[in-house]
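1 is the number of the first residue of the sequence shown in UniProt numbering; add one for each residue after it. Remarks on the structure that follows.
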Amino acid sequence: MQYHPPLPPALPLPALAALLPRLTTTINDIDALRALLANGAHDASLPSWDILLQRYSLLLGRINALSNTLTAPARAQTAGQPPANPLLAQYIVHPLNPLPPPDAPDSGISPLAQDAFFQAINTMPLPAPPAVEGKSEPPRAFSQTHDQLRAMSDRELEDLRKKLTERIERDGMKGKAVSEEVERRAEEIDWVMRVGQDEDEGGEEKAEENKDEDDDLFGSDEDEPMEGATEARPAGVEKGSAREGWKVGDFVRFIDSGA
């Protein structure tokens, strides 16, 4: 048996240390996908095909990036000498202008640059929403407790009472304006043509018929003449459809003047 001495690593120690979290993440993702498939085959709870393809493609991308990093040739430039130009000075990270692969002949970018860049973007926290200026606060009157009211001076209590009085007056004016608007709209509505008028009249006729039938049950076969109704009818108004076309204003005028 011939002894083969260990070869020196092609990657520097900092690069190997940076590979550890990537390897751990990839292994955990592989185990999670295997557990998902096993549980789905056991209890028929597999996710959709698109989710499986997405996770599988993500794993393939990470494994491909790791393999390119491990199989990249050693850089001729020593780690102690800084590059003449920054590594990413000539490149704009954009989907239409991606970074070149690390194994390209004219590439001066570290093999870890692309993966580290996208990992930093994916783990970057979302910006906090700006604070809303001029945020409305609850009225002071509703935030005072009994102890705070007892601790107030007479002047502060008077100011608070004035504010409450002004608020009540404003609310009263709003309510008055709403009631006036409702009355104005009510005058514009033609109550004769309202929906369901025929049904109401039909219901009243049925109620009168039922009442007559109830009277017959007690032994009165004939309806008694209504003399008071005949005398109360004004002259010139015949029994029939004399007031069919009247509106609310006509009825009010008839009640006030009798004509």
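All C-beta atoms in this analysis are idealised placements derived from N, C-alpha and C, irrespective of residue type, glycine included.
Spanning the alpha carbons of G245 and R184 requires a straight line of approximately 22 Å. Proximity of the region 9-25 to the region 54-69 meets the contact definition, three or more beta-carbon pairs being nearer than 8 Å.
In the three-state reduction of the DSSP assignment, E244 falls in the coil class. At the C-beta level, L59 and D29 come within 7 Å of one another.
Going by beta carbons, L33 and R62 fall outside the 7 Å limit. Boundaries for T71: no alpha helix (DSSP H) harbours it, and the DSSP string shows neither H nor E there. In the three-state reduction of the DSSP assignment, P12 falls in the coil class, being assigned neither a helical nor a strand state. Contact between N39 and S45 holds, since their C-beta atoms are separated by about 7 Å, short of 8 Å. In this structure, the CA atom of K176 is about 27 Å from the CA atom of E158. Secondary structure note for Q148: its alpha helix (DSSP H) is the uninterrupted segment 146-151. Taking all protein chains shown into account, A65 has 16 or more neighbouring C-beta atoms within 10 Å of its C-beta and is therefore buried. In this chain, the alpha helix (DSSP H) harbouring L160 covers 154-188. Comparing C-alpha distances from T26 to each of S57, A41, L37 shows the shortest one belongs to S57. The straight-line gap separating the alpha-carbon atoms of K163 and V182 is approximately 29 Å.
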